[in-house]
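Have a look at the structure below, then the notes.
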Amino acid sequence: MTVELAKTARSAPARGSVPVHAVDRTGFAQAAARLPAATANWFRSVGFEGAPDSHVLVPGPDGQVQAVWAGVLGAAHPWALAALPRSLPVGRYHLAGDKDGGLVLDATAAALSWELGSYCFDLYKAPRRAAAQLTLAPSAAARRGLLVAAALASTRDLVNTPAEHMGPAQLARAVQMVARQHGATFKQTVGDKLLKAGFPAVHAVGRAADAACAPRLIELNWGQTRHPLVTLVGKGVCFDSGGLDIKSADGMRLMKKDMGGAANALGLAQMIMALNLPVRLQLLIPAVENAIAGNAFRPGDVFKTRKGLHIEIGNTDAEGRVILCDVLAYGAEHKPALMIDLATLTGAARVALGPQLPALFCRDTAVARALVDQGMALHDPLWHMPLWAPYHASIESDIADIVNTGSSPMAGAVTAALFLDDFVPAGQDWLHIDLYAWNQGSRPGRPAGGEAQTLRTLLAYLEQRFGAGGA
Ligand code: BES
Ligand code: ZN
Ligand code: ZN
């Protein structure tokens with residue numbers, strides 16, 4: 055943690071701690087007019103105008119850094135301070151507030167953005183430099199920012215960790231650790247036990263992997279029976295080689311991140327439990343490696359799924375929907391108030407919307423639109439795509455109830471969602487989110503690599519719908 059909460063709201067800043075004045079462009083213009091001429095001249099000399107993600111150091115007469123002025127995107131922006139921790143000189147900082155005409159930042163945004171700006175995946179390589187430290191006044195809002203940041207960072211870590219060190223067994227261990235932290239129960243059904251327990255499709259996809267990477271259903275349950283049940287499902291394909299329909303080298307390069315749905319679902323579960331939301335939580339993660347071996351599932355195979363529907367395999371690379379179908383059916387058996395699945399399901403969703411906009415599928419258009427609006431407002435966007443029933447024709451099979459790849463390459467994200475739709479009973483509230491879970495390039499607070507997406511938006515939606523917690 056590079057953000058620390060002071061002992062009391064009135065604690066004086068530590069000796070040597072440097073004040074950070076946050077400004078936007080208009081606020082800066084007004085503040086600059088009231089600054090000492092030498093300081094205003096200095097800002098002009100270095101071209102500082104309060105532009106977002108820019109900053110300027112103000113030297114004191116002793117040659118030490120006396121203050122920092124930093125341009126921010128807005129007082130409540132989740133990336134307000136994200137550019138600072140890894141570019142300011144190593145040391146301690148605190149917020150100057152409205153002193154000298156600065157903005158008073160929302161404490162959640164300040165904590166969140168500083169933490170996200172310090173994030174670095176350092177499992178195999180030391181960071182280039184240490185992050186600067188921020189001290190904030192203690193408050194529930196600041197604590198919320200820290201807790202959300204911690205969940206987002208652990209989601210990133212899980213996605214960034216290569217398949218060699220984040221196989222189905224390690225993913226299960228990660229869920230178990232979170233369960234322990236929050237007093238939740240943990241359970242896993244591994245290998246051939248999946249067949250007895252009624253998850254034949256999860257087994258089929260994962261059965262070719264080495265015994266150490268055996269397929270499994272990971273389950274976490276938390277909360278009180280009197281609260282409404284919320285079920286989170288995450289695609290946990292720890293590596294997607296494509297199976298016998300093997301991917302190209304380029305297509306396979308990033309496939310350690312194919313458990314990004316699971317990592318995101320776990321991140322959301324962490325937030326729900328840490329904030330003590332008044333819900334009962336069930337987290338379900340089918341974890342597999344889509345590997346190649348003599349016992350791999352094949353194109354043309356037919357499997358009877360948990361729900362009783364027979365699915366034909368058109369392509370072993372469309373494995374995500376296969377493992378999810380059993381687990382969505384299982385989740386729905388408990389009749390949750392809401393079921394949400396998160397999955398790096400299709401390349402087609404990326405073709406349609408690119409890496410920054412996860413695709414949202416939802417039977418209730420009003421809910422989808424509200425979520426899209428909320429996502430935009432929170433700078434954690436997602437975009438509504440249709441469960442367009444007529445396209446179901448392209449996933450009809452000659453010999454089974456349904457096939458896992460469309461007869462047409464068009465609308466691949468829609469046909470994948472329609473496949474899942476067949477396994478979720480009518481009347482079940484359900485959100486399906488097809489996400490990328492990856493930053494291709496680096497932006498402040500969003501380094502290239504694994505990414506948590508839509509979690510702040512989903513958290514806000516859950517709080518609005520079921521009530522905020524009493525953390
Ligand atoms: N994991 C991939 C989808 C994916 C690829 C997500 C790249 C993000 C980036 C999925 O299992 C897959 O391979 N889907 C195929 C389906 C096709 C064979 C019908 C795809 O999208 O190409
Ligand atoms: Zn695949
Ligand atoms: Zn996949």
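Residues in the sequence shown are numbered from 55 upward in steps of one, following our numbering.
Heads up, the beta-carbon is just placed ideally off N, CA and C, and yes, glycines get one too.
message: Ignoring anything shorter than 3 residues, give me the beta strand (DSSP E) runs that lie fully in the region 473 to 525, in order along the chain.
response: 484 to 488
Original post:
Is there contact here, the region 300 to 308 with the region 229 to 248, by at least three beta-carbon pairs under 8 Å?
Top reply: no
| query | Taking DSSP as the reference, what is the three-state secondary structure of W437? | reply | For this step, residue 437 is matched to residue 383 along the sequence shown. DSSP places W437 in strand when its eight states are reduced to three.
Quick check on the DSSP output: what are the complete beta strand (DSSP E) runs of length 3 or more inside the region 257 to 326, in order along the chain?
270 to 276, 283 to 288 and 290 to 294
Quiz prompt | C-beta atoms of P113 and A186 nearer than 8 Å | solution = The residue given as residue 113 occupies position 59 in the sequence shown. The residue given as residue 186 occupies position 132 in the sequence shown. Against a cut-off of 8 Å, the Cβ pair of A186 and P113 comes out as no contact.
Q | Minimum C-alpha distance to G290 - residue among M220, P282, L142 and K250 | A | As a working mapping, residue 290 is identified with position 236 in the sequence shown. That would be M220, whose Cα lies nearest to the Cα of G290.
(Q) Taking 8 Å as the cut-off, does the region 433 to 449 touch the region 401 to 417 (at least 3 CB pairs, one atom from each stretch)? (A) yes
Q.
Contact defined as beta carbons within less than 8 Å: I believe L200 pairs with V57. What is the distance between those atoms, to the nearest angstrom?
A. Along the sequence shown, one-based indexing puts residue 200 at 146. Along the sequence shown, one-based indexing puts residue 57 at 3. Right, the Cβ-Cβ distance comes to about 6 Å (below 8 Å), so this counts as a contact.
Check your understanding: Below 8 Å between beta carbons: does that hold for G401 and N344?
Key -> Counting from 1 along the sequence shown, the entry for residue 401 is found at position 347. Counting from 1 along the sequence shown, the entry for residue 344 is found at position 290. Not a contact, by the Cβ cut-off of 8 Å.
Margin query: Let me check you understand the geometry: is the CB of D452 closer than 7 Å to at least one non-hydrogen atom of ligand 2?
Written below: The sequence position of residue 452 within the sequence shown is 398, counting from 1. Answer for D452: no, Cβ out of range of ligand 2.
Mind checking M464: buried by the 16 CB within 10 Å criterion, or exposed? Walking along the sequence shown from the start, residue 464 turns up at place 410. Exposed is the call here.
Secondary structure of Q336, DSSP reduced to three states: Within the sequence shown, numbered from 1, the residue matching residue 336 stands at position 282. Note: Q336 maps to strand in three-state DSSP.
- Message: I'd like the list of long-range same chain contacts for S193, defined as Cβ closer than 6 Å, with 5 residues on each side in sequence excluded.
- Response: As a first step, residue 193 is located in the sequence shown; it is residue number 139 there, counting from the start. Counting only Cβ-Cβ distances below 6 Å, and skipping sequence neighbours, we find A161.
Cα separation between H109 and F102? Position 55 of the sequence shown, counted from the first residue, corresponds to residue 109. Position 48 of the sequence shown, counted from the first residue, corresponds to residue 102. Those two C-alpha atoms are separated by around 7 Å.
Can the beta-carbon of A491 be found closer than 8 Å to that of K250?
Indexing the sequence shown from 1 puts residue 491 at position 437. Indexing the sequence shown from 1 puts residue 250 at position 196. Contact flag unset, no.
- Query: Looking at the unbroken beta strand (DSSP E) that takes in G125, where does it start and where does it end?
  - Reply: Working through the sequence shown from its first residue, we reach residue 125 at position 71. Counting along the chain, the beta strand (DSSP E) containing G125 begins and ends at V119 to G125.
Notebook entry, point to check: If you pair each beta-carbon of the region 310 to 329 with each one of the region 232 to 241, do three or more pairs fall below 8 Å?
Noted result: yes
- Item | D107 - containing beta strand (DSSP E), residue span | Position 53 of the sequence shown, counted from the start, is the residue given in the question as residue 107. Taken as a continuous stretch (DSSP letters only), D107 belongs to no beta strand (DSSP E), as it is neither H nor E.
Problem - Cβ contact check for the region 468 to 486 and the region 146 to 162: 3 or more pairs under 8 Å - result: no
> In whole angstroms, what is the alpha-carbon distance linking P181 and T209?
Replying inline: For this step, residue 181 is matched to residue 127 along the sequence shown. For this step, residue 209 is matched to residue 155 along the sequence shown. Between P181 and T209, the C-alpha separation is close to 19 Å.
Starting from H236 and walking both ways along the alpha helix (DSSP H), at which residues does that stretch end? Residue mapping note: residue 236 aligns to position 182 of the sequence shown, counting from 1. Where H236 is concerned, the enclosing alpha helix (DSSP H) stretches over P222 to H236.
For ligand 5, which residues have a Cβ under 5 Å from at least one heavy atom, in chain order?
Absent from the structure shown: ligand 5. Ligands present: ligand 1, ligand 2 and ligand 3.
- Helix, strand or coil for I449 per DSSP? The count along the sequence shown starts at 1 and reaches residue 449 at position 395. Three-state result, I449: helix.
Margin query: Which of the three DSSP states is assigned to D160 in this structure?
Written below: The residue you call residue 160 lines up with position 106 of the sequence shown. Coil.
Check whether L474 and L396 have beta carbons under 8 Å apart | Taking the sequence shown and counting its residues from 1, the one referred to as residue 474 is at position 420. Taking the sequence shown and counting its residues from 1, the one referred to as residue 396 is at position 342. Contact flag unset, no.
Helix, strand or coil for I394, going by three-state DSSP, please let me know.
Within the sequence shown, residue 394 is the residue found at index 340, counting from 1. I394: strand per DSSP, three-state reduction.
Quiz item: Per DSSP, which one or two residues make a beta bridge with T243?
Solution: Taking the sequence shown and counting its residues from 1, the one referred to as residue 243 is at position 189. Looking at the DSSP assignment, T243 forms a beta bridge with L271.
Do A63 and A191 come within 8 Å of each other at the CB atom, strictly closer than that value?
Mapped onto the sequence shown, residue 191 falls at position 137. Mapped onto the sequence shown, residue 63 falls at position 9. Against a cut-off of 8 Å, the Cβ pair of A63 and A191 comes out as a contact.
Quiz item: Is there at least one non-hydrogen atom of ligand 3 closer than 7 Å to the beta-carbon of V291?
Solution: Working through the sequence shown from its first residue, we reach residue 291 at position 237. True, at least one ligand heavy atom lies under 7 Å from that Cβ.
Is the distance from the Cβ of A94 to the Cβ of A86 below 8 Å?
One-based indexing of the sequence shown puts residue 94 at position 40. One-based indexing of the sequence shown puts residue 86 at position 32. Yes, Cβ-Cβ distance for A94 and A86 is below 8 Å.
- Return the chain-ordered list of same chain residues with a C-beta closer than 8 Å to the C-beta of T359, the five sequence neighbours on each side being excluded. The residue labelled residue 359 in the question sits at position 305 within the sequence shown. Only P254, A255, I365, C379, D380, A383 and F477 meet the Cβ criterion.
- Query: Which full runs of the alpha helix (DSSP H) of 4+ residues lie inside the region 366 to 422, going along the chain?
  - Reply: 374 to 387 and 401 to 407
Given this structure, state the Cα-to-Cα distance separating D47 from L188, to the nearest angstrom. The structure shown does not extend to residue 47, since the chain spans only 55 to 525, so no value can be given for it.
Span of the alpha helix (DSSP H), counted from its first residue to its last, around L200 | Working through the sequence shown from its first residue, we reach residue 200 at position 146. Element bounds for L200: A194 to N214.
**Message:** When you measure from the CB of G523 to every non-hydrogen atom of ligand 2, does any distance come out below 7 Å?
**Reply:** Counting from 1 along the sequence shown, the entry for residue 523 is found at position 469. No, the Cβ of G523 stays beyond 7 Å of every heavy atom of ligand 2.
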